[in-house]
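In what follows, a single structure is set out as structure tokens and then discussed.
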Amino acid sequence: MTRRATNPAGSESPVGNKKWAERLRTRYLAGERLLPIQVQLASEALEEVWEGGAVKGRAPARFGEVEA
Numbered sequence: 000m001t002r003r004a005t006n007p008a009g010s011e012s013p014v015g016n017k018k019w020a021e022r023l024r025t026r027y028l029a030g031e032r033l034l035p036i037q038v039q040l041a042s043e044a045l046e047e048v049w050e051g052g053a054v055k056g057r058a059p060a061r062f063g064e065v066e067a
């Protein structure tokens, strides 16, 4: 028997839901030390650059991506 991953009740699509990243941004800006992978994944999800305890704005487009 195989198990399938399911979305928690009341959640939207896993791609469109970025509340986890917004919560990490709040903790980061409050001065809490996060793991480097948390900073990397959350800032990429929100398309921002996080450096030195501050949010620097939108990340530059990656190679092959079109800027909006």
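Numbers 0 to 67, taken from numbering that gives the first Met the number 0, label the letters of the sequence shown in order. We treat Cβ as the ideally placed atom computed from N, Cα and C, and that holds for glycine. Here the structure is a predicted model, which is why all the values come from computation and not from measurement.
Integer-rounded CB distance, given that residue j should sit under 8 Å from residue i
| i | j | result |
| --- | --- | --- |
| A41 | A20 | 4 Å |
| R57 | E47 | 6 Å |
Per-residue burial, residue i [other beta carbons within 10 Å of its own, 16 or more giving buried]
| i | result |
| --- | --- |
| L23 | buried |
Sequence-distant residues of its chain with Cβ nearer than 8 Å to residue i (five each side left out)
| i | result |
| --- | --- |
| W49 | R24, Y27, V38, A41, S42 and K55 |
| L45 | K17, A20, E21 and R24 |
| G69 | No statement about residue 69 is possible, as the shown extent of the chain runs from 0 to 67 and does not include it. |
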